[in-house]
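Input: a single structure, listed below in structure tokens.
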Amino acid sequence: MVSSVLCRCVASPPPDAAAAASSASSPASVDPCGGAVCGGPDHRLRLWSLFQTLDVNRDGGLCVNDLAVGLRRLGLHRTEGELRKIVQAGDKDLDGQLDFEEFVHYLQDHEKKLRLVFKSLDKKNDGRIDSQEIVQSLRDLGVKISEQQAEKILKSMDKNGTMTIDWNEWRDYHLLHPVENIPEIILYWKHSTIFDVGENLTVPDEFTVEERQTGMWWRHLVAGGGAGAVSRTCTAPLDRLKVLMQVHASRTNNMCIVGGFTQMIREGGARSLWRGNGINVIKIAPESAIKFMAYEQIKRLVGSDQEALRIHERLVAGSLAGAIAQSSIYPMEVLKTRMALRTTGQYSGMLDCARKILAREGMAAFYKGYVPNMLGIIPYAGIDLAVYETLKNAWLQRYAVNSADPGVFVLLACGTMSSTCGQLASYPLALVRTRMQAQASIEGAPQVTMSSLFKQILQTEGAFGLYRGLAPNFMKVIPAVSISYVVYENLKITLGVQSR
């Protein structure tokens with residue numbers, strides 16, 4: 129029943145209407161699929177037949193129980209968790225079941241993803257997957273298996289005993305089995321690991337099961353950390369200018385980009401452009417490590433450590449992991465701001481800065497601005513993730529035919545746009561955080577709260593005052609993303625991570 133309801137062809141659609149009509153009139157012919165679920169004239173009728181078979185209680189909708197009973201009758205056994213994921217993936221109106229249109233849409237989307245994986249495994253482009261291709265594909269993912277193990281995988285899907293899998297066998301085996309994040313897509317669409325724009329508030333990337341089991345994940349993280357260090361160093365002058373404009377610019381002191389650079393060089397020479405960069409680079413390693421470990425632990429609580437989380441689960445887990453990481457290294461954030469704002473001779477180095485802050489202001493000074501920093505995680509991470517996933521899915525739906533690989537330009541464009549949107553949403557909170565970190569250093573200055581500082585800025589400078597320093601901040605996004613990507617790809621090669 130399951131096999132007969134799906135298209136059996138792997139060819140392109142007939143070239144003309146006559147051929148299509150001939151194909152439809154012949155019972156022995158196959159429908160054109162064109163690379164997705166078949167669009168032949170009687171295909172919806174056959175899908176309706178499958179839908180009615182699965183709709184065991186005849187209420188016009190497929191719930192988890194319907195799928196469990198219906199698929200069991202067809203010889204397909206799925207766990208309750210897998211069936212729940214199928215319903216959640218296709219349930220657009222959130223009524224807890226799939227109507228016929230939702231069922232059809234789910235199959236179309238699901239089969240397109242399966243075809244991407246099949247084509248990526250089919251190294252010889254002959255329409256079949258053999259044991260050698262499975263061995264090679266898993267080796268690309270960092271997993272080494274023997275040909276005997278590959279043959280065992282083949283046997284589980286091979287219906288006709290040829291020891292090869294064609295598209296129909298592959299599709300039928302994975303039909304109505306939830307695939308939320310194909311390893312191919314995970315591999316090609318890494319985001320937070322690759323792109324570093326100076327704010328490490330993004331939701332961590334997913335790693336495939338193979339990457340976690342073989343230890344490739346730490347190589348990705350090391351490559352990402354190295355890329356971030358180079359990227360932040362190259363864009364440090366713009367970052368310091370942003371901090372100065374956030375703290376010192378006002379209606380009476382209208383600091384421009386050229387004037388800001390001139391002022392920095394006049395006060396401390398060209399080297400002063402990189403003040404605060406040392407601590408900004410040093411904090412990459414502990415923040416990334418703590419964030420990754422926290423994310424993996426939180427994943428076990430909200431989902432599964434073996435499967436990719438859904439978007440809202442990733443947002444929750446990523447935001448909590450980001451909050452834990454930021455809490456752990458927040459004193460370094462305060463040090464970075466103070467080092468960026470320091471004048472020549474004020475501090476001899478990072479340790480001297482930390483000692484003087486502790487002696488004059490106490491331990492509480494290292495957590496000034498902590499609340500707006502924590503609140504900024506949600507809009508930044510949420511909007512960055514939502515925009516990136518939307519752009520990614522739009523590209524996959526429209527342009528992914530033979531591979532999930534978007535190419536460098538698309539990846540850079542998506543990363544730049546999502547990071548820019550995330551920063552724009554959380555920028556007022558970031559500005560208030562920076563001013564609170566800086567104001568604590570002014571002797572005799574009143575201790576301001578987040579709400580009072582917001583009111584003060586709005587009253588004295590207007591809404592525009594919440595976006596001081598936005599221009600240099602956005603100016604560094606494109607070079608930061610581009611530099612971090614290039615360095616990341618080169619470090620991956622050095623560390624032995626194969627670029628596919």
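Using this note's numbering, you'd call the opening residue of the sequence shown number 129 and step up by one each time.
Ideal placement from N, C-alpha and C gives every residue a C-beta, glycine not left out.
8 Å Cβ cutoff met for residue i and residue j
{"i": "Cys481", "j": "Leu463", "result": "yes"}
{"i": "Leu211", "j": "Val192", "result": "yes"}
{"i": "Arg379", "j": "Arg403", "result": "no"}
{"i": "Leu623", "j": "Val444", "result": "no"}
{"i": "Lys642", "j": "Pro534", "result": "As shown, the chain starts at 129 and ends at 628. That puts residue 642 outside it, with no answer to give."}
{"i": "Cys414", "j": "Ser456", "result": "It should be pointed out that residue 414 corresponds to Pro in this sequence rather than to Cys. Yes, Cβ-Cβ distance for Pro414 and Ser456 is below 8 Å."}
{"i": "Gly218", "j": "Tyr234", "result": "yes"}
{"i": "Ala566", "j": "Val375", "result": "yes"}
{"i": "Ile407", "j": "Met344", "result": "no"}
{"i": "Tyr423", "j": "Ala451", "result": "no"}
{"i": "Leu540", "j": "Ile439", "result": "no"}
{"i": "Val576", "j": "Met545", "result": "no"}
Rounded straight-line distance, which links the Cα of residue j to that of residue i
{"i": "Ile511", "j": "Val197", "result": "40 Å"}
{"i": "Phe602", "j": "Ile485", "result": "31 Å"}
{"i": "Ala492", "j": "Thr207", "result": "51 Å"}
{"i": "Pro459", "j": "Gly396", "result": "25 Å"}
{"i": "Asp433", "j": "Lys252", "result": "Bear in mind that the predicted position of Asp433 carries a pLDDT of just 45, short of 50, making it too unreliable to give a figure here."}
{"i": "Tyr495", "j": "Gly473", "result": "24 Å"}
{"i": "Ser400", "j": "Pro365", "result": "8 Å"}
{"i": "Ala608", "j": "Val538", "result": "16 Å"}
{"i": "Leu244", "j": "Glu230", "result": "22 Å"}
{"i": "Arg526", "j": "Lys240", "result": "11 Å"}
{"i": "Tyr508", "j": "Leu552", "result": "8 Å"}
{"i": "Lys520", "j": "Gly477", "result": "43 Å"}
{"i": "Arg360", "j": "Asn405", "result": "7 Å"}
Span of the alpha helix (DSSP H), counted from its first residue to its last, around residue i
{"i": "Ser416", "result": "412-430"}
{"i": "Leu204", "result": "Note, Leu204: premise wrong, no alpha helix (DSSP H); not H, not E."}
{"i": "Asn601", "result": "598-603"}
{"i": "Gly388", "result": "385-396"}
{"i": "Phe592", "result": "Run containing Phe592: none; DSSP gives neither H nor E here."}
{"i": "Pro534", "result": "Segment: none, Pro534 is in no alpha helix (DSSP H) and carries neither H nor E."}
{"i": "Asp300", "result": "295-302"}
{"i": "Asp237", "result": "228-249"}
{"i": "Ala445", "result": "439-469"}
{"i": "Ala487", "result": "478-489"}
{"i": "Met373", "result": "364-376"}
Rounded Cβ spacing between residue i and residue j (contact assumed at less than 8 Å)
{"i": "Leu594", "j": "Leu559", "result": "6 Å"}
{"i": "Asp447", "j": "Ile506", "result": "Looking at the sequence provided, one finds Ser at residue 447 rather than Asp. Contact holds; Cβ gap of about 6 Å."}
{"i": "Thr548", "j": "Val605", "result": "6 Å"}
{"i": "Leu242", "j": "His302", "result": "5 Å"}
{"i": "Leu226", "j": "Leu190", "result": "4 Å"}
{"i": "Gly356", "j": "Ile412", "result": "5 Å"}
Close beta carbons around residue i, own chain, < 6 Å, minus the five adjacent residues each side
{"i": "Glu279", "result": "Ser259"}
{"i": "Tyr475", "result": "Cys481"}
{"i": "Asp250", "result": "Ile257"}
Cutoff 8 Å; reference residue i; Cβ partners in own chain excluding five residues on either side
{"i": "Thr292", "result": "Arg256, Ile257, Asp258, Leu282, Asp286"}
{"i": "Phe246", "result": "Ile257, Trp295, Trp298, Arg299"}
{"i": "Val358", "result": "Ile611, Ser612, Val615"}
{"i": "Val386", "result": "none"}
{"i": "Ala156", "result": "Here Ala156 scores only 35 on pLDDT, less than 50, and its place in the model should not be relied on; the value that follows carries that caveat. Closer than 8 Å at Cβ, skipping near neighbours: no residue."}
{"i": "Leu195", "result": "Leu182, Arg206, Leu211, Ile214, Val215, Leu304"}
Same chain, Cβ closer than 7 Å to residue i, neighbours up to 5 away in sequence not counted
{"i": "Arg563", "result": "Gln374, Val375, Leu581"}
{"i": "Glu517", "result": "Ile439"}
{"i": "Trp523", "result": "Pro534, Val538"}
8 Å Cβ cutoff, residue i in contact with chain C
{"i": "Val560", "result": "Chain labels in this structure do not include chain C; a single protein chain is all it has."}
Closer than 7 Å: residue i CB and nearest the ligand SAM heavy atom
{"i": "Arg470", "result": "Summarising the ligand content, the structure contains no ligands, and the ligand SAM is consequently not present."}
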